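S.K.:
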Amino acid sequence: MIGPIITTRKSLLLLLVLVPTAVASLRQTKNVAGGSISSAPSDECESIGTASQNTASVLLNFVGDGGLEDSDYRDLEAAFQVSLANVVEDSCFDLENVMIDTSTETFDDSRRMLLLGDGKNNYQRNLSGSAFTFSFYFNVVYQCYSCGGLYLGNDGSRRALLDDGTDRLLNFHSELPTRNEFNEAFNNTLSNDPSFSNIQLKIQGVKVTSELEERQCHSQKRSFDTDLIIIFDGDIEECNDDVLSVIEDAVRKAYNTMNLPNPYSCDTEFRKIQHVNCIDRSPMDDGKFILSFSLEYECRGCWQGSESPVLFGTYTEDSADVGRSDLYVDFRELGPKEPECSCDKEAKFERAPTVEEVTKALQRTLDIRSDEGKIPRIGVVVVGEEQEEKEYCCSNDYKACKQGAW
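Mapping to the working numbering: the sequence shown position 110 is 124, numbers consecutive.
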């Protein structure tokens, strides 16, 4: 199956603010399900330096059905605490607060389940269809001595500690977990701890952990309009107004969810699509059809270059930038609002999502909406951005596009 083509004329990015949420203190918790987190500094800790209270914003991506209730939110917070306690061997680390940041949630959609059927009568969960993933922001308040974050990101972090500090400081920091170690502990908690049996059927595990950091960004946001063209593989006669509305939302979602903080890339101009409107539809040969869209998006500073702003990024000159291979993003219709001017601490490349990355996300989003019974099964062929000169940047079939084949 081949998928849609997307074309844009100008670009827009909207940044939404992550508002910290107060949580009940866990400072006095000594032992949690086999793990322990200290609450009283020892002489060894004080000899390292002065304790500092830190707040981490952590984005966890889960696989499951996404249909959570209030009690499930509390269970996830407790599971986070238990899992961190099981992998932190640092006696100088004090976990104080953990809470899902509900200020980043849109509750009209955040508790929806992945359903199979017509959306009204047939409410059957579909966990065997297209992989459904969703993300929550956690606010984590903790106290530590001379630590630079909640996780050790990779082996490079450990080597840096050896170069920059004493052996004692290296040992102290190396007792903090890597993200992978935390993910493994979290998944073990969800699978094996009977205390969390209520959410084991709803959440299969955590896929990606991102610890955020604020980035310098332009103080102003501006709005831009652009035209987007998408070629679909399917029956245009099935694209009534209800189906078009779902497709419009899917286009917006596919781009924005790929531009959420992630360990691969960081868009330092923080683009975000705000509105998508289908303005034209036309059939093609061989069972394909074209939809034209008008888009509005916001960005920070994207107008400062010598060229007109564009919505899609391009691969960097780094040969390691081959594009994101995973789709561990949020596929809920609305999903989380991201913090303002924030990226994953480990983001390797500075660029917006590429047209190829968004095309893959759009196809997955449409597959999920089809599993939910909201639209017929349709494929995405190519996605491209329309420039001022009316040239198109296409995915999947770039050479054919340049030759005017479509």
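For every residue, glycine included, the Cβ atom is placed at its ideal position computed from N, Cα and C.
Predicted model only: the values in this text are computed from it and were never measured.
Measure the alpha-carbon distance for T147 versus K216 and round it to whole angstroms.
M.R.: By 1-based counting over the sequence shown, the position of residue 147 is 133. By 1-based counting over the sequence shown, the position of residue 216 is 202. T147 and K216: Cα-Cα distance of roughly 11 Å.
S.K.: Taking Cβ to Cβ, would you say S233 is nearer than 8 Å to E312?
M.R.: Taking the first residue of the sequence shown as 1, we reach residue 233 at position 219. Taking the first residue of the sequence shown as 1, we reach residue 312 at position 298. No.
S.K.: Exposed or buried, Q67, counting other C-beta atoms within 10 Å across all chains shown (16 or more means buried)?
M.R.: The count along the sequence shown starts at 1 and reaches residue 67 at position 53. Answer is exposed; the Cβ neighbour count stays below 16.
S.K.: Mind checking D84: buried by the 16 CB within 10 Å criterion, or exposed?
M.R.: Your numbering for residue 84 matches position 70 in the sequence shown. Exposed, because fewer than 16 other Cβ atoms sit within 10 Å of the Cβ of D84.
S.K.: Is V290 near V265, with beta carbons less than 8 Å apart?
M.R.: Counted from its first residue, the sequence shown places residue 290 at position 276. Counted from its first residue, the sequence shown places residue 265 at position 251. Result yes, Cβ atoms of V290 and V265 sit closer than 8 Å.
S.K.: Got a sec, what are the start and stop residues for the alpha helix (DSSP H) S85 sits in?
M.R.: Here residue 85 refers to the residue found at position 71 of the sequence shown. Element bounds for S85: 84-101.
S.K.: From L258 to F307, what distance separates their C-alpha atoms?
M.R.: Your numbering for residue 258 matches position 244 in the sequence shown. Your numbering for residue 307 matches position 293 in the sequence shown. For L258 and F307, the distance between alpha carbons rounds to 11 Å.
S.K.: Compute the Euclidean distance between the alpha carbons of S149 and V220, then round it to the nearest angstrom.
M.R.: As a working mapping, residue 149 is identified with position 135 in the sequence shown. As a working mapping, residue 220 is identified with position 206 in the sequence shown. Those two C-alpha atoms are separated by around 9 Å.
S.K.: Report the residue ranges of all beta strand (DSSP E) runs contained in full by the segment 198-243; include only those spanning at least 3 residues, in chain order.
M.R.: Those beta strand (DSSP E) runs which fall completely within the segment 198-243 and span 3+ residues are 217-228.
S.K.: State the Cα-Cα distance for the pair G398 and L305, rounded to the nearest angstrom.
M.R.: Along the sequence shown, read from residue 1 onward, the residue named residue 398 stands at position 384. Along the sequence shown, read from residue 1 onward, the residue named residue 305 stands at position 291. The alpha-carbon atoms of G398 and L305 are separated by roughly 12 Å.
S.K.: Go ahead and label S279 buried or exposed: buried means 16 or more other beta carbons lie within 10 angstroms of its beta carbon, across all protein chains shown.
M.R.: Sequence index remark: in the sequence shown, residue 279 carries index 265 (1-based). Per the 10 Å Cβ criterion, buried.
S.K.: In three-state terms, what does DSSP make of I250?
M.R.: In the sequence shown, counting from the first residue as 1, residue 250 sits at position 236. Here I250 sits in helix by DSSP.
S.K.: Applying the criterion that 16 or more other CB atoms from any shown protein chain within 10 Å of the CB defines a buried residue, is D294 buried or exposed?
M.R.: Working through the sequence shown from its first residue, we reach residue 294 at position 280. It counts as exposed.
S.K.: Any idea what DSSP makes of Y3, helix, strand or coil?
M.R.: Outside the displayed span of the chain (15 to 420) sits residue 3, for which this structure offers no information.
S.K.: Which residues does DSSP pair with F303 in a beta bridge?
M.R.: As a working note, residue 303 is residue 289 in the sequence shown. DSSP, once it has assigned bridges, lists F246, P297 as partnering F303.
S.K.: Would you check if there are 3 or more beta carbon pairs closer than 8 Å linking the segment 372-392 to the segment 340-359?
M.R.: Yes: the two stretches touch, three or more of their Cβ pairs being nearer than 8 Å.
S.K.: On a CA-only basis, which of P323, K267, I114 is nearest Q377? Give me that one, please.
M.R.: Counting from 1 along the sequence shown, the entry for residue 377 is found at position 363. Nearest C-alpha to Q377: K267.
S.K.: Per the DSSP calculation, I287 is bridged to which residue(s)?
M.R.: Within the sequence shown, residue 287 is the residue found at index 273, counting from 1. According to DSSP, I287 bridges with Y311.
S.K.: Could you check if T328 is buried or exposed, using at least 16 other CB atoms within 10 Å of its CB as the buried criterion?
M.R.: One-based indexing of the sequence shown puts residue 328 at position 314. Classification of T328: exposed, given that the 10 Å Cβ count is below 16.
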